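Single-structure report; data block below.
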Amino acid sequence: MHKTPGADGAWMYNRIMLSIYDMWVLGIVNTYAWHCPTKSIQLPFFQKHLSTRHLDIGPGTGYYLANAGIPSTTSVDVLDLNPNCLDDAKRALNRPGMTTFLADVLEPLPLKEKYGSISAFYLIHCLPGPLERKMGLFRNLKGFLEEDGVVYGTTILGTGVFNWFGRVIMHFLNKGKVFDNRGDGEVGIREALKRDYKVVRTEVVGNILFFEASQPIF
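Add 441 to the 1-based position in the sequence shown for our numbering, that's all there is to it.
Printed below as a string of structure tokens:
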């Protein structure tokens, strides 16, 4: 994996980590550390905004794509800096015509078309700070969003009250540069989105921020 501005948080997603990711992160950690279960809260949010032409950024194992009940008529592409994640996502959805983009979201994007929906789940907290630098990804996405499209996702906040389990995970993953989210708060993310989109909504569930943004400002 080549070294680019957004590479620091991507190194951990090797084959071993991806093999346990769904059980550990989406199963145990989301429920008991972040108080925001995957199946009952995060998956329905992923499904809510899906359009007939969708781009998933940072797909991880492809869990959301595989479990969202995406119709066969929906066109889906994926983008990630880690080829392991792209391979897993492609296998998970097993969709003919699916395009994978190996790219860094903090650099100019190689996308060729516009999308009705763009998802970015658990991406912001893995990008290198400061927050203003991270939020440049949403500036990069504006030109690839359809007029009535929406960009949405979730991220683990660095501010707020954590239980002991969450504190331990936050400490070690920030120390290991898998996360860089100590300065990530709801207000900062919301205000950054408002600089590039007319309509912005955010909500916090446990330690997770849900966001959606539409009507890009040019």
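For every residue, glycine included, the Cβ atom is placed at its ideal position computed from N, Cα and C.
Remember, predicted model here, so these are calculated numbers, not experimental data.
Residue i, DSSP secondary structure in three states
i      : result
Pro485 : helix
Arg494 : strand
Thr596 : strand
Lys575 : helix
Arg623 : coil
Glu548 : coil
Arg636 : coil
Val602 : coil
Gly584 : helix
Val645 : strand
Other residues of its chain near residue i: CB distance less than 8 Å, five sequence neighbours each side excluded
i      : result
Val645 : Leu598, Gly601, Glu627 and Phe651
Among the options, the one whose alpha carbon lies nearest that of residue i
i      : options                           : result
Ser558 : Gly629, Ser460, Val591 and Glu653 : Val591
Asp521 : Ala544, Pro512 and Ser513         : Ala544
Pro500 : Gly629, Ser481, Thr540 and Leu614 : Thr540
Arg631 : Asp529, Tyr473 and Ala654         : Ala654
Gln483 : His566, Val619, Asn535 and Tyr593 : Tyr593
Asn622 : Glu573, Trp465, Met458 and Lys531 : Glu573
Phe542 : Asn535, Asp497 and His476         : Asp497
Ile649 : Ile457, His476 and Val619         : His476
Straight-line gap, residue i to residue j (C-alpha atoms, nearest Å)
i      : j      : result
Lys635 : Leu550 : 21 Å
Arg580 : Ile469 : 33 Å
Pro485 : Ser460 : 23 Å
Gly584 : His495 : 14 Å
Val641 : Thr515 : 25 Å
Asn471 : Pro571 : 24 Å
Tyr638 : Tyr563 : 20 Å
Tyr454 : Cys526 : 7 Å
Ser492 : Val517 : 9 Å
Arg538 : Thr643 : Residue identity differs from the one stated: residue 538 is Gly in this sequence, not Arg. Distance between the alpha carbons of Gly538 and Thr643: 33 Å.
Ala474 : Leu582 : 31 Å
Leu614 : Phe606 : 12 Å
Ile658 : Ala561 : 19 Å
Phe620 : His566 : 6 Å
Range covered by the beta strand (DSSP E) that runs through residue i
i      : result
Ala561 : Tyr556 to Phe562
Ser460 : From DSSP, Ser460 is part of no beta strand (DSSP E) but of the alpha helix (DSSP H) over Arg456 to Tyr462.
Val662 : An answer regarding residue 662 cannot be provided, because it is not within the stretch 442 to 659 covered by the chain.
Thr540 : Run containing Thr540: none; DSSP gives neither H nor E here.
For residue i, the first and last residue of its enclosing alpha helix (DSSP H)
i      : result
Leu650 : That residue, Leu650, is in no alpha helix (DSSP H); its beta strand (DSSP E) goes Ile649 to Pro657.
Val609 : Trp605 to Lys616
Leu534 : Pro524 to Leu534
Leu506 : Tyr504 to Asn508
Beta carbon proximity, residue i to chain D, threshold 8 Å
i      : result
Asn615 : As a matter of chain content, chain D is missing from the structure shown, which is built from one protein chain.
Cutoff 6 Å; reference residue i; Cβ partners in own chain excluding five residues on either side
i      : result
Ala533 : Gly503, Leu506 and Ala507
Glu587 : Lys555 and Gly557
Ala509 : Phe487 and Gln488
Leu552 : Phe585
Ala633 : Met576
Sequence-distant residues of the same chain with beta carbon closer than 7 Å to residue i, five excluded per side
i      : result
Gly447 : Low confidence applies to Gly447: its pLDDT is 45, below 50, so where it sits in the model is not reliable, and the reading given next is rough at best. Around Gly447: Leu522, Asp545, Val546, Leu547, Leu568 and Pro569.
Leu467 : Thr479 and Tyr504
Pro512 : none
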